[in-house]
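I have placed the structure first, in the form of structure tokens, so that the comments after it can refer back to it.
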Amino acid sequence: MGTSENKNYLNKRLLKLNVGFLLSEGPGNSREMPIDIPERVQVDEDLYLESVTGQLFLTRTKEGILAQGTLQVANIRECDRCLDEFVHTFDVPVEELFAHPANPQISVFSVDSTGQINLGPLVREEVLIEESYRVICREDCRGLSAASGVNLNHEAEPQPEDDGINADDLIDPRMAVLKQLLDDKK
Ligand SMILES: [Zn+2]
Numbered sequence: 001m002g003t004s005e006n007k008n009y010l011n012k013r014l015l016k017l018n019v020g021f022l023l024s025e026g027p028g029n030s031r032e033m034p035i036d037i038p039e040r041v042q043v044d045e046d047l048y049l050e051s052v053t054g055q056l057f058l059t060r061t062k063e064g065i066l067a068q069g070t071l072q073v074a075n076i077r078e079c080d081r082c083l084d085e086f087v088h089t090f091d092v093p094v095e096e097l098f099a100h101p102a103n104p105q106i107s108v109f110s111v112d113s114t115g116q117i118n119l120g121p122l123v124r125e126e127v128l129i130e131e132s133y134r135v136i137c138r139e140d141c142r143g144l145s146a147a148s149g150v151n152l153n154h155e156a157e158p159q160p161e162d163d164g165i166n167a168d169d170l171i172d173p174r175m176a177v178l179k180q181l182l183d184d185k186k
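Just so we're aligned: the sequence shown equals residues 1 to 186 in our numbering.
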């Protein structure tokens with residue numbers, strides 16, 4: 001695996017960008033920075049994402065580094081209809097000033113002492129918002145059977161006379177979740 005020099009600005013284990021080179025240039029200088037992390041990455045202490053890609057435009061200003069652009073983030077979610085886990089990909093818009101030197105009155109974010117900016121906390125906020133919305137694994141997800149609780153994407157409705165199982169025995173805690181979802185829609 002080659003370590004091409006122009007890719008070294010990106011820390012692929014954490015969502016950090018080295019912007020030291022841009023700091024040493026004067027205000028008004030800018031750089032296009034591709035973000036390419038196609039594998040699992042730790043975004044924050046308690047948050048992992050399956051991939052983070054996109055393009056950021058960094059501008060050196062008097063106050064620090066202005067980061068603008070859009071990231072495509074892949075997060076593991078549970079389908080609200082069938083409860084299966086799946087990878088949900090969505091856009092995270094970025095428009096943030098990283099103060100240099102740190103200045104809480106200008107921005108809660110800043111360039112750290114090693115010349116890096118950490119996109120983690122910023123992405124984390126957007127992911128928490130995304131996680132507050134319901135998502136379904138696919139448009140035609142069939143969900144769980146109201147009668148038996150089986151995932152209708154994977155199997156057909158069991159026929160009681162075929163397997164002899166009492167339908168009441170098949171109701172599991174997931175049914176409560178489904179019922180809640182149905183009730184919410186009313
Ligand atoms: Zn589903």
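All residues carry an ideal CB built from backbone N, CA and C; glycine is no exception.
Remember, predicted model here, so these are calculated numbers, not experimental data.
Taking the Cβ of asparagine 29 as the reference point, every heavy atom of ligand 1 lies at 7 angstroms or farther away. With a cut-off of 7 angstroms, the C-beta of asparagine 75 is classified as distant from ligand 1, since no heavy atom of the ligand falls inside that distance. Taken through DSSP and simplified to helix, strand or coil, glutamine 180 comes out as helix.
Valine 73 and cysteine 141 have their C-alpha atoms spaced approximately 22 angstroms apart.
Taken atom to atom, the span from the alpha-carbon of leucine 47 to that of glutamine 159 is near 42 angstroms. By the neighbour-count criterion, in which a residue is buried when 16 or more other Cβ atoms sit within 10 angstroms of its Cβ, arginine 77 is buried. The beta carbon of leucine 119 sits closer than 6 angstroms to the beta carbons of Leu15 from its chain, once the five residues preceding and following it are set aside; these are given in chain order.
Cα atoms of leucine 58 and serine 148: separation of roughly 54 angstroms, rounded to the nearest angstrom. One residue after another in chain order, those with a Cβ under 5 angstroms from a heavy atom of ligand 1 are Cys79, Arg81, Cys82, Cys137, Cys141. Ranked by Cα distance from leucine 66, the first of Glu126, Gln180, Leu17 is Leu17.
A contact between stretches requires three or more CB pairs, one per stretch, nearer than 8 angstroms, and the region 126-139 meets this requirement with the region 86-96. DSSP places valine 108 outside both helix and strand once states are collapsed to three, so it counts as coil. The three-state secondary structure of arginine 81, taken from DSSP, is coil. Within the same chain, and ignoring the five residues on either side of glutamate 39 in sequence, the residues whose Cβ sits closer than 7 angstroms to its Cβ are Ser51. Three or more Cβ pairs closer than 8 angstroms define a contact, and the region 16-34 meets that threshold against the region 104-115.
At a cut-off of 3 residues, the continuous stretches assigned as beta strand (DSSP E) that sit fully inside the region 115-159 are 116-118. For leucine 22, the secondary structure class from DSSP, reduced to helix, strand or coil, is helix.
Glycine 64 sits close to serine 110, with the two beta carbons spaced by under 8 angstroms.
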